[in-house]
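Residue numbers (the working numbering): 427 to 611.
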């Protein structure tokens, strides 16, 4: 298990997702709100570098890169929805609120486009990585060191039952721990 490599994959794909979402917002605003040609000025490129740093920092603060091999798809969905909402609100007040608009509907459109595009790209990339990891856990390629407390026949039966499951729950048994000094395994 190479945790650092897997974490780097998540970080790079999160940065790409953030950049794509910001590009989507920029393009949408130019075409549908400002009705102006798309011109990539230096501020656009600064934002394209800083916005991913913001998102990655937020993910680090909220612990989304901790226990990278113990992620679940449903947990991923819930976390991405809530973190996307939080991050979009922060970006709205930091970068979008002071923009010149024609009516307040444009604010709602901008927030919605940023939220949907950020959620879509982030979820697409993260669910792909998480699904690959889950498959590796279920196939037994990735596992977590596990001790069984007890050394009697029930502990041995549980060990055998887990070993013969169709899908591995991810346990890599390293031994039994005797309880009360009377166990016999």
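The beta-carbon is built from N, C-alpha and C at its ideal position, and this holds for glycine as well.
Remember, it's a predicted structure, so these values are computed and weren't measured experimentally.
Per-residue burial, residue i [other beta carbons within 10 Å of its own, 16 or more giving buried]
i, result
"residue 459", "buried"
"residue 468", "exposed"
"residue 505", "buried"
"residue 579", "exposed"
"residue 573", "exposed"
"residue 440", "buried"
"residue 581", "buried"
"residue 614", "Residue 614 is absent from the model: the chain starts at 427 and stops at 611."
"residue 534", "exposed"
Cutoff 8 Å; reference residue i; Cβ partners in own chain excluding five residues on either side
i, result
"residue 571", "598, 600"
"residue 462", "456"
"residue 587", "none"
"residue 514", "537, 540, 541, 544"
"residue 449", "474"
"residue 432", "494, 495, 555, 559"
Bounding residues of the alpha helix (DSSP H) (the contiguous stretch that carries residue i)
i, result
"residue 582", "579-589"
"residue 522", "From DSSP, residue 522 is part of no alpha helix (DSSP H); its letter is neither H nor E."
"residue 457", "Counting along the chain, residue 457 falls outside any alpha helix (DSSP H), and DSSP gives it neither H nor E."
"residue 478", "468-487"
"residue 534", "531-564"
"residue 494", "It is not in any alpha helix (DSSP H) - residue 494 carries neither H nor E in the DSSP assignment."
"residue 592", "No alpha helix (DSSP H) contains residue 592, which DSSP labels as neither H nor E."
"residue 502", "499-517"
Chain-order list of residues whose beta-carbon lies under 7 Å from that of residue i (same chain, five-residue window excluded)
i, result
"residue 470", "452"
"residue 595", "588"
"residue 447", "540, 543, 544, 547"
Through-space distance from residue j to residue i, alpha-carbon basis
i, j, result
"residue 560", "residue 553", "10 Å"
"residue 508", "residue 543", "14 Å"
"residue 499", "residue 562", "14 Å"
"residue 442", "residue 546", "12 Å"
"residue 549", "residue 604", "44 Å"
"residue 481", "residue 444", "7 Å"
"residue 522", "residue 575", "56 Å"
"residue 528", "residue 466", "22 Å"
"residue 606", "residue 583", "19 Å"
"residue 490", "residue 454", "29 Å"
Per DSSP, the bridge partner or partners of residue i
i, result
"residue 574", "602"
"residue 597", "570"
Other residues of its chain near residue i: CB distance less than 6 Å, five sequence neighbours each side excluded
i, result
"residue 556", "497, 499, 502"
"residue 564", "593, 594"
Check: residue i C-beta below 7 Å from any heavy atom of the ligand NAD
i, result
"residue 578", "Here there are no bound small molecules, and the ligand NAD is not part of this structure."
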